[in-house]
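Asker: Here it is: the structure, laid out below.
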Amino acid sequence: FEAMMPKNAESIDTTWLDRLSEAIEIFRRHGVYVFLDAHSDGWSTTSGGNGFPWWMTAMMQETGEEGKSYITSPEHPLELAIPDELAELLRKAGANIPEINT
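Taking our numbering, the leading residue of the sequence shown gets 404, the next gets one more, and so forth.
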């Protein structure tokens, strides 16, 4: 997602789109079906992963619900995206799930 729309919601990077189209065509010529999985790993570069572009997480931080953090910083620490009940079950099963104090 970040590579597709690196600057804003109004523009798609045509170089990226051309490379994607070329790769899909190569697979098609060889009889391989392509399934595009548009998922994010770790939300965004603003939280140590990839996915949502910087401009989008900045917009979400500016317009989001009070107290929610979309950009990791000392003022906005990264929080676990696991419901409390699931985190507790995982801890009981032996998973090392850190406690987040906000």
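Note that the Cβ used here is the ideal one computed from N, Cα and C, for glycine as well. Bear in mind the structure is a predicted one, so any value in this text is a computation, not a measurement.
Rounding to the nearest angstrom, what Cα-Cα distance links arginine 431 and aspartate 440 in this structure?
Answerer: 17 Å
Asker: Compute the beta-carbon to beta-carbon distance between tryptophan 457 and threonine 466, rounded to the nearest angstrom, for a pair I have assumed lies under 8 Å.
Answerer: Incorrect: roughly 15 Å between the Cβ atoms, too far for contact.
Asker: Cα separation between phenylalanine 404 and tyrosine 436?
Answerer: 21 Å
Asker: Please classify threonine 460: is it buried, with 16 or more other beta-carbons within 10 angstroms of its beta-carbon, or exposed?
Answerer: buried
Asker: What three-state label does DSSP hand isoleucine 429 in the structure shown?
Answerer: Correct three-state label for isoleucine 429: helix.
Asker: Secondary structure at threonine 418, three-state DSSP: helix, strand or coil?
Answerer: Residue state, collapsed to three classes: helix.
Asker: Use the C-beta contact count for phenylalanine 438: other C-beta atoms within 10 angstroms, 16 or more gives buried, fewer gives exposed.
Answerer: exposed
Asker: Taking a contact to mean a Cβ-Cβ separation below 8 Å, would you say aspartate 416 touches methionine 407 in this structure?
Answerer: Result yes, Cβ atoms of aspartate 416 and methionine 407 sit closer than 8 Å.
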